[in-house]
Structures are given as C-alpha cells and as structure tokens.
Ligand code: SF4
Ligand code: SF4
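Residue numbers (this note's numbering), protein chains in the order written: chain X, 1 to 408; chain L, 1 to 265.
See the structure below:
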C-alpha cells in the first residue's frame with residue numbers, strides 16, 4: 001500500500017481466480033477459431049488440429065465458470081444469475097452466453113465425431129460399447145448422404161461459432177471495459193484487446209498441446225500444420241500487440257488526469273509483469289521468432305522446437321496480460337492518490353494451489369474425452385477427402401488415458 | 001403483489017422476451033428469492049410509503065473536527081465489522097504543506113478520531129498551511145453504477161432514491177464494489193455479501209436521522225428532505241456553494257459538499 005487508498009480498498013476484490021477466468025475463456029475462443037479456420041475457410045493445413053482444437057475448446061469450456069463460482073461470496077446462490085438476471089448488468093449475460101456457446105460446442109463436436117462414435121459402437125462391446133451407442137444418440141446412418149448432411153451442419157455451426165466466440169470473449173472484455181470507475185479498465189478497446197489476445201492464446205495453446213500430444217503418442221507431427229499455426233499466430237499476435245500498444249499510447253498522448261496513475265502503475269507497480277513478461281517475453285520475442293520463421297530463416301530441423309518455444313512464451317505473455325488487467329486495475333486506488341498491493345496466498349479457496357487445480361482440470365478432461373474419441377486416430381475418414389481409411393477398433397482408453405493423462 | 005407487478009412492468013420495458021419469461025418464472029421456481037424491493041435487511045419501517053420524500057445529505061468539511069464519533073456510531077448501528085476494510089462511512093484528513101504537497105489519510109477509517117493521530121508520513125516535519133476533515137457517506141447516486149452492474153438485481157434503488165442491497169439475494173460477485181467510483185462498498189466478511197451505507201434507511205423511514213448525523217457534535221453532517229422547502233438542506237442547496245464528488249463520472253450524487261476544496265476526491 002502506498003499513498004492514500006480508500007479504507008474499503010485495502011482488500012483487493014477480484015483475486016487470482018478472476019485472472020483465470022478471462023484466461024480460460026480466451027483459450028476456448030481461440031481454440032475454436034482455429035477449428036473454424038479449417039471448417040469454414042478451408043485452411044487445409046489445419047486439418048490435423050481441426051477436431052483436436054474442438055475437444056480442447058470443449059475441455060476448457062467446462063472449466064470456465066468454475067473459478068468464477070469459487071470466487072463468489074455466496075456460491076450457493078450463483079445459479080440466480082440464470083433465474084433473476086438484471087439486464088442492465090454486463091455480468092448478467094454470462095450464464096446465457098456460456099450456455100449457448102457450450103451447446104454450440106457440444107453440437108459441433110458431436111457432429112464431427114458422430115461417425116467415429118457409430119463405428120466404435122459397432123466394434124466395441126460391454127459398457128463402453130453402450131456408452132458409444134448412447135453417445136450416437138441413435139443416429140447411426142453412415143451413408144454418404146448422412147455424411148454430407150453432417151458436413152453441412154458442421155460448416156454452419158463453425159461459421160456461427162466465429163461470431164459466437166467473438167461474443168464470448170469480447171463480452172469478457174466488456175465486463176472490464178464497462179467499469180468507468182477504473183481508469184485502467186475503462187476503454188472501449190477492451191473487448192477487442194481481449195478478443196485478439198484470446199485468439200492468440202488459443203492458437204498458442206493448440207501448438208503446444210498438439211506437439212506434446214503427438215510426441216507422447218509417438219505419432220508424426222505434421223510440419224505443414226505447425227507452420228500454418230505459426231503463421232496465424234504471427235498475424236494475430238501482430239494485431240494484438242498493435243492494438244494494445246495503441247491503447248496505452250493514446251492514453252499517454254492524451255495525458256488525462258488518470259494517466260498520471262496509470263503510468264505509475266505500469267512503470268512502478270507492475271513493470272515486470274507488464275513490460276517484462278507481457279510485452280517483451282510474451283509478445284516481442286515470439287514475434288521476432290515467428291517473423292524469422294515466416295521469412296524462411298529457420299532451419300527445418302529446429303522449426304518444431306522453435307515454434308513450440310514461441311507458443312509457450314505467448315501463453316505466458318497472455319496470462320501476464322490477464323494478470324496486468326485484472327489485478328493491475330485493482331491496484332489503482334479510486335482516490336487516484338495511491339496504490340494497494342496484492343500477492344495471492346498459496347492455499348485456500350482463492351490461492352495459487354486452487355488456481356493451479358483449475359488450470360490442470362481442462363487437461364484432465366481433455367485426456368478423458370480423447371480416450372473416448374481420439375482426434376488423432378479416426379476410424380472413419382476425415383471429412384472432405386472422400387477416402388475411407390481402414391476401420392480401427394475403439395481406443396483402449398486405459399492406455400491412452402494413462403499415457404496422456406499421466407503427463408499433465 | 002402490487003409492488004412486484006410494478007417492478008415487472010418496469011422491467012418489461014427494457015428486457016428481452018427470454019428474460020421476461022425467466023423473470024415471470026422466478027416466482028414459481030422454488031429456489032428463487034423474493035424480488036429486490038420485497039425483502040432485505042434494510043427494509044423500510046412498517047407503514048412507510050416511499051416517494052413523498054427527496055432526501056439529500058450535506059457535508060460541511062469546514063465544520064468537521066475529526067472526532068470519529070460518526071464512524072463509531074455507524075459501525076454500531078449497522079453491524080459493520082470492526083475490520084479496517086469494512087466501512088459504510090469514514091473520515092479523511094487533508095493536510096497541505098508549504099511546499100505545495102497534499103497529504104490524505106484516514107487511519108483506521110477515522111474510527112479512533114484524529115486527536116492522537118500522527119501526521120501522514122510525508123508531511124511530518126514540514127510546515128502545514130491548512131488542514132481539514134472530510135466525512136464520506138454513500139452518495140446514493142441517482143445514476144448509480146453499482147445498481148447498473150449487479151447481475152442479479154440484488155442492488156436496487158428504492159422509489160425514494162436510496163440505493164440498497166438485498167442481502168438475501170446478493171451472490172457476492174463484487175462487481176458493484178468494482179463499479180462504485182467512490183469505494184463506498186465492501187464485502188461483509190461473515191455474510192459474504194455486499195454492504196454499503198444506506199443513510200440508515202431503517203431510521204429515516206421512521207422519521208429519525210441517520211445515526212452519524214444524529215451523533216455529530218458540530219453539525220458537519222446534515223440530512224433532510226428537499227421536498228420540504230423549509231428544511232435546512234433545502235435552504236443550503238438554494239443559497240450556498242455546493243459540489244459533488246467526481247461529477248465527471250455522471251453518477252448524479254445526492255450527497256453534497258459545502259465549499260469543497262478542489263483537491264478532495
Ligand atoms: S456512492 Fe457508490 S455505492 Fe453509493 S450509490 Fe453511488 S455508486 Fe452506489
Ligand atoms: S456483490 Fe451482490 S450486490 Fe454487488 S453486484 Fe454482486 S450480487 Fe449485486
């Protein structure tokens with residue numbers, strides 16, 4: 001604490017858990033956009049991660065509301081947000097937007113994997129076979145026309161999903177941007193900044209997860225795919241950094257009264273997480289790496305580890321960005337005369353360990369889902385190329401889960 | 001019944017059809033709690049009908065002697081926890097030194113008064129030009145951002161313009177705490193819900209004064225009804241120079257400060 005802070009501001013209201021919330025929804029939105037790049041815009045190189053990214057998005061989607069719920073003073077009343085929403089509140093839409101998006105994700109995932117599920121249900125017996133039967137929802141038609149119908153629906157959903165993803169995450173930005181009481185949050189650019197960084201983090205996550213998973217499964221890594229993701233990452237990262245930079249630049253140039261505190265915030269309160277991690281480590285360095293790669297200046301053998309490293313840095317950078325927004329904004333006293341401080345506790349409901357658990361959970365869910373419907377081993381051909389691959393048996397889920405699940 | 005119907009109609013004006021359906025359903029659903037105005041810890045006194053009054057609060061910073069009685073009275077009257085970050089009201093001290101610096105502090109929210117309080121750190125050893133105290137109640141903003149952002153409608157404005165929290169409904173999301181430009185809100189550590197100054201709604205609806213106003217020995221806190229042209233507050237607002245805090249926020253506060261120094265935020 002320094003300078004004058006209003007008495008009630010001694011306590012920082014939104015803790016580490018609220019940093020997780022935009023981080024996780026951002027990953028969902030970003031991963032989804034990648035799958036849509038394939039399904040809608042036909043970016044063929046992304047085919048190996050098209051369904052992979054859907055499952056990734058889904059796994060994170062389940063977890064997205066959990067840190068929020070855990071943070072409520074009265075979690076048992078959390079459901080009220082569905083029952084008695086107050087429509088002037090930006091937050092009231094949260095439940096509905098989340099639910100709508102979850103349904104969209106579930107439907108698209110089901111459509112993409114329906115034919116696999118049907119195959120598995122025919123080749124598997126016992127409880128597992130039964131589960132597949134239930135999952136197929138009774139629609140067992142494997143014919144060419146059924147496939148076409150599925151594809152059409154997938155395309156529509158993937159297309160609808162893009163504005164939906166933009167809504168989901170632009171909305172999260174709006175939650176902060178709409179708080180006029182907070183000088184660091186209150187900007188109409190907030191939804192766009194959140195959206196761009198969401199896409200960036202989602203692509204980075206996919207790169208990391210795709211490479212790790214393929215390595216663990218000892219499957220070949222598709223170089224074109226990684227290259228393509230790296231290029232998309234470069235493009236979105238460049239946009240993201242530009243907009244974020246412009247925001248601060250115009251604040252500095254206009255130099256309103258609030259700039260005095262905002263500049264002190266970024267130069268003296270959060271310089272390490274802001275300049276050090278968010279900008280240099282998480283944006284400029286990966287930008288340089290990916291730019292060099294795009295210019296064809298990186299040796300072929302080291303492309304994969306290089307892209308991997310850049311993606312990890314980007315994810316760290318986006319996490320730092322969430323921290324700098326959520327926590328940074330709260331450090332400024334509304335008296336404009338001082339700063340409060342925040343260090344997350346290790347244990348407890350809102351501590352570092354709880355946060356780590358929430359961050360680990362999606363990976364566990366992902367390994368569980370992929371043990372049922374592995375996106376890297378499709379018994380039916382992938383959509384669009386018309387060649388039927390030989391039928392494979394249902395995945396042995398103990399083994400695949402053990403191998404993947406054990407490492408996260 | 002009449003009340004909930006009115007709220008229903010009011011909401012209908014700006015809600016979507018889906019929202020309306022849910023709103024209608026909520027009376028039927030077992031888990032839903034009563035509408036905002038129907039219940040709450042700060043309910044009006046029995047037999048009181050809101051709407052005939054237009055209350056305002058006036059603070060005279062030049063009169064305040066920083067005794068802290070109001071802060072103590074409030075904590076006692078309203079079951080406000082003694083923790084330093086839990087305050088419905090507090091008193092700030094502004095200290096100006098010859099080198100042009102301004103120091104603000106509020107040790108323990110002014111609860112212990114300022115008689116024994118040391119000077120704020122930077123001001124020690126400097127020559128002081130002037131100093132005054134600023135008591136702070138909730139502004140009961142006419143365009144209250146805290147009401148606007150509450151996702152479940154637990155924070156609401158009564159028909160007589162007081163912003164209250166229905167603590168049976170609040171989910172403790174802290175969005176309102178973020179939204180209040182004046183840091184008037186806190187989360188009650190035991191109840192897990194938002195709490196704030198109500199201008200002692202349970203008292204004023206019975207014709208009494210807010211506890212802090214009543215106890216102030218020098219009349220630095222004034223309270224009254226603008227609809228009564230003879231009231232002290234009506235006269236002050238008509239004749240004196242008053243201002244509100246952070247007018248640029250567009251919150252339309254109903255707490256006014258007499259001859260306020262420009263440094264006060
Ligand atoms: S001062 Fe703060 S708590 Fe009081 S009505 Fe205004 S916004 Fe709400
Ligand atoms: S903390 Fe309670 S009163 Fe405040 S916005 Fe959340 S639900 Fe509403």
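In this text, a Cβ means the ideal position worked out from N, Cα and C, and glycines have one as well.
Remember, it's a predicted structure, so these values are computed and weren't measured experimentally.
Give a yes or no on whether the C-beta atoms belonging to residue i and residue j are separated by under 8 Å.
{"i": "residue 203 (chain X)", "j": "residue 34 (chain X)", "result": "yes"}
{"i": "residue 244 (chain L)", "j": "residue 253 (chain L)", "result": "yes"}
{"i": "residue 152 (chain L)", "j": "residue 128 (chain L)", "result": "no"}
{"i": "residue 185 (chain X)", "j": "residue 325 (chain X)", "result": "yes"}
{"i": "residue 64 (chain L)", "j": "residue 215 (chain L)", "result": "no"}
{"i": "residue 333 (chain X)", "j": "residue 49 (chain X)", "result": "no"}
{"i": "residue 75 (chain X)", "j": "residue 358 (chain X)", "result": "no"}
{"i": "residue 229 (chain L)", "j": "residue 160 (chain L)", "result": "no"}
{"i": "residue 231 (chain X)", "j": "residue 294 (chain X)", "result": "yes"}
{"i": "residue 352 (chain X)", "j": "residue 207 (chain X)", "result": "no"}
{"i": "residue 102 (chain X)", "j": "residue 56 (chain X)", "result": "no"}
{"i": "residue 51 (chain X)", "j": "residue 94 (chain X)", "result": "no"}
{"i": "residue 213 (chain L)", "j": "residue 175 (chain L)", "result": "no"}
{"i": "residue 189 (chain X)", "j": "residue 247 (chain X)", "result": "yes"}
{"i": "residue 188 (chain L)", "j": "residue 81 (chain L)", "result": "yes"}
{"i": "residue 157 (chain L)", "j": "residue 163 (chain L)", "result": "yes"}
{"i": "residue 193 (chain X)", "j": "residue 254 (chain X)", "result": "no"}
{"i": "residue 172 (chain X)", "j": "residue 65 (chain X)", "result": "no"}
Is the beta carbon of residue i within less than 7 Å of some heavy atom of ligand 2?
{"i": "residue 172 (chain L)", "result": "yes"}
{"i": "residue 163 (chain L)", "result": "no"}
{"i": "residue 176 (chain L)", "result": "yes"}
{"i": "residue 149 (chain L)", "result": "yes"}
{"i": "residue 193 (chain L)", "result": "yes"}
{"i": "residue 164 (chain X)", "result": "no"}
{"i": "residue 25 (chain X)", "result": "no"}
{"i": "residue 61 (chain L)", "result": "no"}
{"i": "residue 154 (chain L)", "result": "yes"}
Should residue i be listed as close to ligand 1, given that the test is whether its C-beta is under 7 Å from any heavy atom?
{"i": "residue 140 (chain L)", "result": "yes"}
{"i": "residue 182 (chain L)", "result": "yes"}
{"i": "residue 145 (chain L)", "result": "yes"}
{"i": "residue 185 (chain L)", "result": "yes"}
{"i": "residue 251 (chain L)", "result": "yes"}
{"i": "residue 136 (chain L)", "result": "no"}
{"i": "residue 196 (chain L)", "result": "yes"}
Excluding five sequence neighbours on each side, which residues of the same chain lie with their C-beta closer than 6 Å to the C-beta of residue i?
{"i": "residue 226 (chain L)", "result": "54, 56 and 234"}
{"i": "residue 77 (chain L)", "result": "211"}
{"i": "residue 45 (chain X)", "result": "224, 225 and 228"}
{"i": "residue 60 (chain L)", "result": "220 and 258"}
{"i": "residue 3 (chain X)", "result": "337 and 338"}
{"i": "residue 255 (chain L)", "result": "57, 137 and 139"}
{"i": "residue 224 (chain L)", "result": "231, 232 and 233"}
Considering only residues of the same chain and omitting the five flanking positions on each side of residue i, which have a CB-CB separation below 8 Å?
{"i": "residue 142 (chain X)", "result": "115, 118, 119 and 380"}
{"i": "residue 330 (chain X)", "result": "12, 13, 14, 182, 340 and 342"}
{"i": "residue 350 (chain X)", "result": "15, 16, 17, 70, 71 and 344"}
{"i": "residue 63 (chain X)", "result": "24, 358, 361, 362 and 365"}
{"i": "residue 86 (chain X)", "result": "92"}
{"i": "residue 280 (chain L)", "result": "Past the edges of chain L, shown from 1 to 265, lies residue 280 (chain L), and the structure says nothing about it."}
Spatial neighbours of residue i within its chain, please: C-beta separation below 7 Å, excluding the five flanking residues on both sides.
{"i": "residue 251 (chain L)", "result": "139, 141, 143, 144, 145 and 181"}
{"i": "residue 401 (chain X)", "result": "Summary for residue 401 (chain X): the model assigns pLDDT 37, below 50, so the residue's position carries little reliability, and this model does not support an answer."}
{"i": "residue 43 (chain X)", "result": "37 and 228"}
{"i": "residue 407 (chain X)", "result": "Note that residue 407 (chain X) scores 32 on pLDDT, short of 50, meaning its location in the model is unreliable; the coordinates nonetheless yield the value given after this. Hits under 7 Å: 216."}
{"i": "residue 312 (chain X)", "result": "208"}
{"i": "residue 222 (chain X)", "result": "48"}
{"i": "residue 98 (chain X)", "result": "64 and 65"}
{"i": "residue 119 (chain L)", "result": "95"}
{"i": "residue 281 (chain X)", "result": "313, 316 and 317"}
- Query: Going along the region 74-91 of chain L in order, which residues come within less than 7 Å of chain X, judged by CB to CB distance?
  - Reply: 84, 85, 87 and 90
- Message: Under 7 Å, CB to CB, which of the residues in the region 315-341 of chain X have a partner in chain L?
- Response: 334, 335, 336 and 337
- Query: Is the number of C-beta pairs between the region 101-119 of chain L and the region 11-30 of chain X that are closer than 8 Å three or more?
  - Reply: Contact fails: fewer than three Cβ-Cβ distances are below 8 Å.
- Query: If we count Cβ pairs, one from each stretch, closer than 8 Å, do we get three or more for the region 229-248 of chain X versus the region 283-290 of chain X?
  - Reply: yes
- Can you find at least 3 beta carbon pairs, one from the region 4-22 of chain X and one from the region 82-95 of chain L, that sit closer than 8 Å? yes
- Listed from N- to C-terminal order along the chain, which residues in the region 145-159 of chain L have their beta-carbon within a distance smaller than 9 Å of any beta-carbon of chain X? Against chain X - using a Cβ distance shorter than 9 Å - the residues of the region 145-159 of chain L are 145, 147, 148, 149, 150, 151, 152, 153, 154, 155 and 156.
- Message: Closer than 7 Å between beta carbons: that is the criterion. Which residues of the region 167-181 of chain X meet it against chain L?
- Response: When C-beta distances to chain L are compared with 7 Å, the residues of the region 167-181 of chain X below that value are 179, 180 and 181, in chain order.
- Query: Using Cβ-Cβ distances below 9 Å, what residues of the region 201-224 of chain L are close to chain X?
  - Reply: From the region 201-224 of chain L, no residue has a Cβ closer than 9 Å to chain X.
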